[in-house]
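Asker:
Protein chains: 2
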Amino acid sequence: MTSTDVAAHVGVSQATVARAFSSPEKVAPATRKRVEAAAAELGYVPNAIARSLKSQRTNIIAAVVPSVGEYWQSVLTAFSKQLADRRQQLLLFSFSDPAQLEDVLTSLAQYRVDGVILASASIDAGRLARVGSQQLPLVAFNQPAASGLVPSVSVDNDLGMRRLAAHVVENGARRVAYIGGVAATSTDQTRYRGAAQALAQAGIACPYTESGGWAYEHGYGAARELVELGELPDAIMVAGDELAFGVIDALEDRGVSVPTEVMVTGFDGLPQASWAGYDLTTLTQPVELLVEQAIALLLGPSEPEPADIVVAGELRLGRTTKSSSIFESRKDHG
Amino acid sequence: MTSTDVAAHVGVSQATVARAFSSPEKVAPATRKRVEAAAAELGYVPNAIARSLKSQRTNIIAAVVPSVGEYWQSVLTAFSKQLADRRQQLLLFSFSDPAQLEDVLTSLAQYRVDGVILASASIDAGRLARVGSQQLPLVAFNQPAASGLVPSVSVDNDLGMRRLAAHVVENGARRVAYIGGVAATSTDQTRYRGAAQALAQAGIACPYTESGGWAYEHGYGAARELVELGELPDAIMVAGDELAFGVIDALEDRGVSVPTEVMVTGFDGLPQASWAGYDLTTLTQPVELLVEQAIALLLGPSEPEPADIVVAGELRLGRTTKSSSIFESRKDHG
DNA sequence: CTGAAAGCGCTAACAT
DNA sequence: ATGTTAGCGCTTTCAG
Numbered sequence: 001m002t003s004t005d006v007a008a009h010v011g012v013s014q015a016t017v018a019r020a021f022s023s024p025e026k027v028a029p030a031t032r033k034r035v036e037a038a039a040a041e042l043g044y045v046p047n048a049i050a051r052s053l054k055s056q057r058t059n060i061i062a063a064v065v066p067s068v069g070e071y072w073q074s075v076l077t078a079f080s081k082q083l084a085d086r087r088q089q090l091l092l093f094s095f096s097d098p099a100q101l102e103d104v105l106t107s108l109a110q111y112r113v114d115g116v117i118l119a120s121a122s123i124d125a126g127r128l129a130r131v132g133s134q135q136l137p138l139v140a141f142n143q144p145a146a147s148g149l150v151p152s153v154s155v156d157n158d159l160g161m162r163r164l165a166a167h168v169v170e171n172g173a174r175r176v177a178y179i180g181g182v183a184a185t186s187t188d189q190t191r192y193r194g195a196a197q198a199l200a201q202a203g204i205a206c207p208y209t210e211s212g213g214w215a216y217e218h219g220y221g222a223a224r225e226l227v228e229l230g231e232l233p234d235a236i237m238v239a240g241d242e243l244a245f246g247v248i249d250a251l252e253d254r255g256v257s258v259p260t261e262v263m264v265t266g267f268d269g270l271p272q273a274s275w276a277g278y279d280l281t282t283l284t285q286p287v288e289l290l291v292e293q294a295i296a297l298l299l300g301p302s303e304p305e306p307a308d309i310v311v312a313g314e315l316r317l318g319r320t321t322k323s324s325s326i327f328e329s330r331k332d333h334g
Numbered sequence: 001m002t003s004t005d006v007a008a009h010v011g012v013s014q015a016t017v018a019r020a021f022s023s024p025e026k027v028a029p030a031t032r033k034r035v036e037a038a039a040a041e042l043g044y045v046p047n048a049i050a051r052s053l054k055s056q057r058t059n060i061i062a063a064v065v066p067s068v069g070e071y072w073q074s075v076l077t078a079f080s081k082q083l084a085d086r087r088q089q090l091l092l093f094s095f096s097d098p099a100q101l102e103d104v105l106t107s108l109a110q111y112r113v114d115g116v117i118l119a120s121a122s123i124d125a126g127r128l129a130r131v132g133s134q135q136l137p138l139v140a141f142n143q144p145a146a147s148g149l150v151p152s153v154s155v156d157n158d159l160g161m162r163r164l165a166a167h168v169v170e171n172g173a174r175r176v177a178y179i180g181g182v183a184a185t186s187t188d189q190t191r192y193r194g195a196a197q198a199l200a201q202a203g204i205a206c207p208y209t210e211s212g213g214w215a216y217e218h219g220y221g222a223a224r225e226l227v228e229l230g231e232l233p234d235a236i237m238v239a240g241d242e243l244a245f246g247v248i249d250a251l252e253d254r255g256v257s258v259p260t261e262v263m264v265t266g267f268d269g270l271p272q273a274s275w276a277g278y279d280l281t282t283l284t285q286p287v288e289l290l291v292e293q294a295i296a297l298l299l300g301p302s303e304p305e306p307a308d309i310v311v312a313g314e315l316r317l318g319r320t321t322k323s324s325s326i327f328e329s330r331k332d333h334g
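So the protein lines, in turn, are chains P and E.
The working numbering numbers the first residue of the first sequence as 1 and each following residue consecutively.
The working numbering numbers the first residue of the second sequence as 1 and each following residue consecutively.
1) How big is the Cα-Cα spacing for E:Phe-327 and E:Asp-234?
2) Here's the rule I'm using: 16 or more other beta-carbon atoms within 10 Å means buried, otherwise exposed. How should E:Met-237 be labelled?
3) Taking its Cβ as the centre, do 16 or more other Cβ atoms sit within 10 Å of E:Ser-120, making it buried, or is it exposed?
4) Run down chain E in chain order and give the residues with a C-beta less than 7 Å from the C-beta of P:Phe-245.
5) Put P:Gln-135 into one of helix, strand or coil per three-state DSSP.
6) First and last residue of the alpha helix (DSSP H) that includes P:Tyr-178?
7) Could you tell me if E:Leu-229 is buried or exposed, where buried requires 16 or more neighbouring beta carbons within 10 angstroms of its beta carbon?
8) Using a cut-off of 9 Å between C-beta atoms, extract the partners of P:Pro-28 located in chain E.
9) Is any beta-carbon of chain E found at less than 9 Å from that of P:Thr-77?
10) For chain P, check one thing: does any of its Cβ atoms lie closer than 9 Å to the Cβ of E:Asp-253?
11) Roughly how many angstroms separate the alpha carbons of P:Leu-270 and E:Trp-275, rounded to a whole number?
12) Quick check: the Cα distance between E:Arg-330 and E:Gly-219, rounded to an integer number of angstroms?
13) Can you tell me which residues form a DSSP beta bridge with E:Phe-141?
14) Indicate the three-state DSSP secondary structure (helix, strand or coil) for P:Met-1 in the structure shown.
15) Taking a contact to mean a Cβ-Cβ separation below 9 Å, would you say P:Ala-48 touches P:Leu-90 in this structure?
16) Could you give the residue range of the alpha helix (DSSP H) that holds E:Pro-66?
17) Measure from the C-beta of E:Asp-249 to each C-beta in chain P and report whether the shortest distance is under 9 Å.
18) Select from the segment 45–60 of chain P all residues with a C-beta closer than 7 Å to any C-beta belonging to chain E, and list them in chain order.
19) Could one say the Cβ of P:Leu-91 lies closer than 9 Å to chain E's Cβ atoms, at least one of them?
20) Any idea what DSSP makes of P:Asp-308, helix, strand or coil?
21) Going along the chain, which residues of its own chain have a beta-carbon closer than 8 Å to the beta-carbon of P:Asn-59, five neighbours each way excluded?
22) Should P:Val-139 and P:Ala-38 be called a contact, given that it needs their Cβ atoms to be closer than 9 Å?
23) Can you give the beta carbon distance from E:Val-64 to E:Leu-128, rounded, assuming they're within the 8 Å contact cut?
24) Report yes or no: do three or more beta-carbon pairs, one from the segment 250–266 of chain P and one from the segment 199–210 of chain E, lie closer than 8 Å?
25) Identify which residue in P:Arg-19, P:Lys-322, P:Pro-29, P:Arg-34 has its Cα closest to the Cα of P:His-9.
26) Check whether the Cβ of P:Phe-141 lies closer than 9 Å to any Cβ atom in chain E.
27) Could you tell me which of E:Gln-82, E:Leu-83, E:Arg-130, E:Ser-67 sits nearest to E:Gln-100, measuring between CA atoms?
28) DSSP beta-bridge partners for E:Thr-281?
29) Does P:Arg-87 have its Cβ less than 9 Å from a Cβ in chain E?
30) Taking its Cβ as the centre, do 16 or more other Cβ atoms sit within 10 Å of E:Ala-30, making it buried, or is it exposed?
31) Return the first residue and the last residue of the alpha helix (DSSP H) that P:Ala-18 is part of.
32) Would you say E:Gly-43 faces chain P, with C-beta separation under 9 Å as the test?
33) Since P:Asp-241 contacts P:Asp-279 with CB under 8 Å, what's their CB separation in whole angstroms?
34) Could you tell me the boundaries of the beta strand (DSSP E) in which E:Arg-316 lies?
35) Name the chain P residues whose beta carbon is nearer than 7 Å to that of E:Leu-109?
36) Return the bridge partner residues of P:Val-116 from the DSSP annotation.
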């Protein structure tokens, strides 16, 4: 079914049918009705592919997202929703291994999408710069390393970790351990730096342990090792919520109670952090807002130099740090 | 950058450049090298949009998926991965409200995708039939109601619930309650029927409570009401894992211990079900396998009549039902 | 093996 | 307000 078929059926030119759909105001109401009726009858729908070829706009935004991780899934959902509101579609490119990225970016280039959201901590600066040098509108999502190279939107990792650190210190923590995700990523580095610096100001050290990933298992494993080494700190600051869930479960499996013996903080503000089972103290990322900004950067007029938007998150106080009284009584006795 | 530009640069015809990319074997090795070199230098990548216009294949599969729910996110990830392996892209259409479905299906039609995955419990049979009558290859994912109307792939809800029911009965449950999701959906109905029938065979009733959704909060709310009504059963069978997490947390928040006082079962086998914090007894859906079958149905030769594939899940025994001893001792005393 | 030429279905001047 | 016409970048006969 093409516009030509409909045109023949109605007895107008193909161009009129096309206009009836792409700019209805340019066609007489009566003609438009007849065209619409015929289209409905014949089951005609304009061909977006053909339209794109001519107009050079696809109304498709590509999202390059890691295929795993609770956090990315929530981000994806937000993008998909907000893009739908703007009549854009989301073409999904997920990858599990940074090595696949090359392929992904190649097949992406073929689709002449209107813009790309690059959401992954594990893209190195070199590649980023190369992608950024293309024509294609691009925005890096939550990748501190992208700052300056390409337009980017991130949560304020530094501020967020400082606030979490301040909170555990207020709650009496004197010895703090930090469990990171993947040390090579800029997100991990930025978060750790924020925590370490804030704690240093309170005269507290913050030894870093790399868990090697961002998933539950990684957190679980890292915390188990910490327990086995003995010498548990007052608080464990964890680089991400999913990791933190693993940390909490590992601790409690080994009889270490949270927060009575050890406080735990996360980062991200996943829905599950609010679930009663964990009720995690964390830094909630304003995902909707971040996504909104990213889309604005992508679809809006391109700035002369790459904009870097940093949005503050919100401290969520859960029961994994509610232990001021415990520490105060400890101090009384110590 | 077009094939014509590259052709001019190399000194061959545009057709040769196009062939060098779409069917390299039809072009002399020497020419191909020169074309490839020029393309790399000029940054040329074939335009998939233009290709699709001519070839009538987009290599894009659309997925229509609810925008919320842990389960759908895991399904989406599986699709995205497996489609990438087959060099297909995933165009995502998410919707939060069944009312939006109409719009979604319309914009979907414009993109002339090669196939559609319809994954949502809340599409009524009428609409399904209408969509199915189009040209477009289609597969319904985990929608028992679709069976017979359009090709479909689902987990064996009935068998799964029967096995869970058998398990709780073996573990000594004599009074069982069922917490459903959305009663109007075929998934909910099929699961409940399986549980109710299996329990009936053991002479056990299975009163149904609708929680009104599939999210954590719905499970939490439904369980809270159950507790407030008093009269707790030996086991609560829940229609989905995410609901079950809410149920467990609601019970424990009110001092009802799981599984000592009440056993809980889920359905889906989300990653979180294996997390130590919940360690839920559930029916694990073989998501990878389901997705594989769905893709095969979509991309393979179309059958004369709609195929309905039903795949059995796997029983996962967690600690939310490990309580045989408790019940046995109760029986001793009762 | 390579080139010439005709479209795929639509948009956007331009003309009427 | 509508029709005519020329492409968008590619694939694909058909010749050579």
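The beta carbon of each residue, even a glycine, is placed where N, CA and C say it ideally should be.
The model shown is predicted, which means the values in this text are computed figures rather than measured ones.
Answerer: Working from what's here:
1) Reliability fails at E:Phe-327, whose pLDDT of 45 lies under 50, so the model's placement of it is uncertain and the value that follows must be treated cautiously. So the two alpha carbons sit approximately 9 Å from each other.
2) In the assembly as shown, E:Met-237 is a buried residue. Its beta-carbon has 16 or more other beta-carbons within 10 Å.
3) Looking at its Cβ environment, which holds 16 or more other Cβ atoms inside 10 Å, E:Ser-120 is buried.
4) Chain E residues near P:Phe-245: Trp-275, Gly-277.
5) Under the three-state reduction of DSSP, P:Gln-135 is assigned to coil, being neither helix nor strand.
6) Here P:Tyr-178 belongs to no alpha helix (DSSP H); instead the beta strand (DSSP E) covers 176–180.
7) An exposed status is given to E:Leu-229, since fewer than 16 other beta-carbon atoms sit within 10 Å of its beta-carbon.
8) Note on identity: in this sequence residue 28 of chain P is Ala, with Pro being the wrong assignment. Think of a sphere of 9 Å around the beta carbon of P:Ala-28: no beta carbon from chain E falls inside it, the nearest being about 24 Å out.
9) The beta-carbon of P:Thr-77 is placed less than 9 Å from the nearest beta-carbon of chain E.
10) It does: the Cβ of E:Asp-253 has a partner Cβ on chain P nearer than 9 Å.
11) Between P:Leu-270 and E:Trp-275, the C-alpha separation is close to 16 Å.
12) Any reading at E:Arg-330 is ruled out, since the residue's pLDDT is 43, under 50, leaving its predicted position unreliable.
13) Under DSSP, the beta-bridge partners assigned to E:Phe-141 are E:Val-153.
14) DSSP places P:Met-1 in coil when its eight states are reduced to three.
15) With contacts defined as CB atoms closer than 9 Å, P:Ala-48 and P:Leu-90 fail to qualify as a contacting pair.
16) Run containing E:Pro-66: none in the alpha helix (DSSP H); it sits in the beta strand (DSSP E), 60–66.
17) The C-beta of E:Asp-249 comes closer than 9 Å to at least one C-beta of chain P.
18) Sequence-ordered contacts of the segment 45–60 of chain P with chain E read Val-45, Pro-46, Asn-47, Ala-48, Ile-49, Ala-50, Ser-52, Leu-53, Thr-58 [C-beta pairs closer than 7 Å].
19) P:Leu-91 counts as touching chain E.
20) DSSP places P:Asp-308 in strand when its eight states are reduced to three.
21) Ala-48, Ser-52, Arg-87, Gln-88, Gln-89, Asp-114, listed in sequence order.
22) Contact flag unset, no.
23) The pair is not a contact, with the Cβ atoms about 11 Å apart (cut-off 8 Å).
24) The way I'd put it, the segment 250–266 of chain P doesn't touch the segment 199–210 of chain E; fewer than three beta-carbon pairs between them come closer than 8 Å.
25) Taking the Cα of P:His-9 as reference, the smallest distance to any Cα among P:Arg-19, P:Lys-322, P:Pro-29, P:Arg-34 is reached at P:Arg-34.
26) Closer than 9 Å: no.
27) Answer by Cα proximity: E:Ser-67.
28) DSSP output for E:Thr-281 lists E:Thr-265 as bridge partner(s).
29) Against chain E, the CB of P:Arg-87 has a partner CB under 9 Å away; the residue lies at that interface.
30) The C-beta of E:Ala-30 has fewer than 16 other C-beta atoms within 10 Å across all chains shown, which makes the residue exposed.
31) It spans 14–22 - the alpha helix (DSSP H) in which P:Ala-18 sits, taken as one unbroken run.
32) Yes, E:Gly-43 counts as interfacial toward chain P.
33) Between P:Asp-241 and P:Asp-279 a beta carbon distance of about 12 Å is seen, past the 8 Å cut, so the two are scored as non-contacting.
34) Unbroken beta strand (DSSP E) run through E:Arg-316: 314–316.
35) Per the sequence presented here, residue 109 of chain E reads as Ala, with Leu not at that position. Ordered by position in chain P, the residues that pass the 7 Å Cβ test against E:Ala-109 are Val-45.
36) Bridge partners of P:Val-116: P:Ala-62, P:Leu-138.
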